[in-house]
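A.B. asks: Dropping a structure here in structure tokens format, bear with me for questions.
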Amino acid sequence: MNKEYRMSEARFQELQEELNYLKTTRSDEVAEMIKVARGFGDLSENSEYDEAKNEQGKLYSRIAELEEILQHVVIVDESNAPSNQVTIGCKVIVTDKKTGKDLPPYKIVGSQEADPMHGAISEESPFGKALLGSKEGAEVSVDAPKGTLIYIVKKIER
């Protein structure tokens, strides 16, 4: 069975636009790089040609990756999600049970939208999995390298 990629409509549009750009504009740029590099002579000792071919490989790899993602995408309709439960698209504030300190707010997102440095946590991460389905006041435990961490869901926002 193929993996499903859950994401918002906005992220889906971004990926489609990136794919379109890579298949048209970027593909033409890389083809031109290869053409110019070929003009430098012997291909066996031509670093510009090697670099252009590497760039082409990266381009084809990213195109294949995007096509795979977009072929198996599931758009998450955040408007139908229950308001009292942690789901994709909601913002969560949790308190560390041991220290009593609040963590910064996190938004639960699909794996293709995750950006932990900016508070967007993947639903597939250990923290995201632990939070999904919980309600305000619930205790959640997260297995981490330094042991099991326990948090209390303080607030859920849409």
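Quick note on numbering: the sequence shown equals residues 0 to 157 in numbering that gives the first Met the number 0.
Just so it is clear, CB atoms sit at the ideal spot from N, CA and C, and this is done for glycine as well.
Checking 8 Å against the spacing of the C-beta atoms, do Lys96 and Tyr150 come in under that value?
C.D. replies: Going by C-beta atoms, Lys96 is nearer than 8 Å to Tyr150.
A.B. asks: According to DSSP, is Leu42 helix, strand or coil?
C.D. replies: Helix, per DSSP.
A.B. asks: Would you decide whether Met6 is buried or exposed? Buried here means 16 or more other CB atoms lie within 10 Å of its CB.
C.D. replies: Per the 10 Å Cβ criterion, buried.
A.B. asks: In whole angstroms, give me the CA-to-CA distance for Ile62 and Lys22.
C.D. replies: Computed Cα separation, rounded: 7 Å.
A.B. asks: Out of curiosity, what's the CA-to-CA distance linking Val141 and Ile87?
C.D. replies: Each residue's alpha carbon lies about 18 Å from the other.
A.B. asks: Is DSSP giving Arg5 helix, strand or coil here?
C.D. replies: Three-state DSSP puts Arg5 in a strand.
A.B. asks: Does DSSP put Asp27 in a helix, a strand or coil?
C.D. replies: Note: Asp27 maps to helix in three-state DSSP.
A.B. asks: Assuming Lys128 is part of the alpha helix (DSSP H), what are its boundary residues?
C.D. replies: Pro125 to Leu130 is the span of the alpha helix (DSSP H), which, as asked, contains Lys128.
A.B. asks: Answer with buried or exposed for Glu28, where buried requires no fewer than 16 other C-beta atoms within 10 angstroms of its C-beta.
C.D. replies: Label assigned to Glu28: exposed.
A.B. asks: What first and last residue would you give for the beta strand (DSSP E) that runs through Glu138?
C.D. replies: Per DSSP, Glu138 belongs to the beta strand (DSSP E) from Glu138 to Ala143.
A.B. asks: Only counting the same chain, and skipping five residues up and downstream in sequence, which positions put a Cβ closer than 8 Å to that of Phe39?
C.D. replies: Asn45, Glu47 and Tyr48.
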